[in-house]
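Participant: Residue numbers 1 to 148, in the UniProt record's numbering, belong to the letters of the first sequence in order.
Note that beta-carbon positions come from the ideal geometry of N, C-alpha and C, so glycine has one too.
Predicted model, so just to flag it, every value in this text is computed and none were measured.
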Amino acid sequence: MRHPTIIKIDISVNVKSEPVKGTTVQIGELSRRTQTPTRLLRYYEEQGLLVPDRLPNGYRDYDDEDENRVRQVRGLLEAGVSTRVIGQIIPCLAPRGLLVPYACAETYAALVEQRDRLNNKINDLTRHRDAIDDYLHDVRSSELPVSP
DNA sequence: TTTCTTACA
DNA sequence: TGTAAGGA
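And the structure:
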């Protein structure tokens, strides 16, 4: 068993209030609670990432699970995971969750790739940062004054 | 007032 | 993603 049993994903993004158990809200309220534009909430639904109930008048009716899901989706999106992969991950997410059971082989592979992409990006950013740092150091070392 | 769908910048 | 149109 080489693979980790679980992969922990940080979704601590835009956490303003804890979901209130047993209540449902319409899109406007969910938007405020999750700091997510209604436009995006509808988009996530279009991508199958969210499947809210519908009120008799056709309005979307979101429950606690949906609110939690929005946070998870936002967190994964922030980590650069595509909506397509998020679609795969969702059924693997724990209720409260940030845990992806190792059982999701495809998801595991997709996340490995994403992790590699992030590593590459981090390496590039690090080089850029160091280059700027070197330049700044040279400027300070020179006799010439820094022009305003 | 709020939300809905569709469509375009 | 944002925003507008035209309804309920």
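Tell me which residue opens and which closes the alpha helix (DSSP H) that A79 is part of.
Facilitator: No alpha helix (DSSP H) holds A79; DSSP gives it neither H nor E.
Participant: Tell me which residue opens and which closes the alpha helix (DSSP H) that G28 is part of.
Facilitator: Residues 27-34.
Participant: Nearest to G28 by alpha carbon, out of Y43, Y44, D53, D61?
Facilitator: When only C-alpha atoms are compared, the closest one is D61.
Participant: Could you tell me whether the region 34-44 touches the region 69-89, using the rule of 3 or more Cβ pairs below 8 Å?
Facilitator: Result yes; three or more Cβ-Cβ pairs closer than 8 Å.
Participant: How would you call P4, buried or exposed, if buried means at least 16 neighbouring beta carbons within 10 angstroms?
Facilitator: Summary for P4: the model assigns pLDDT 37, below 50, so the residue's position carries little reliability, and this model does not support an answer.
Participant: How would you write the range of the alpha helix (DSSP H) that L49 sits in, first residue to last?
Facilitator: Careful: L49 lies outside any alpha helix (DSSP H) and carries neither H nor E.
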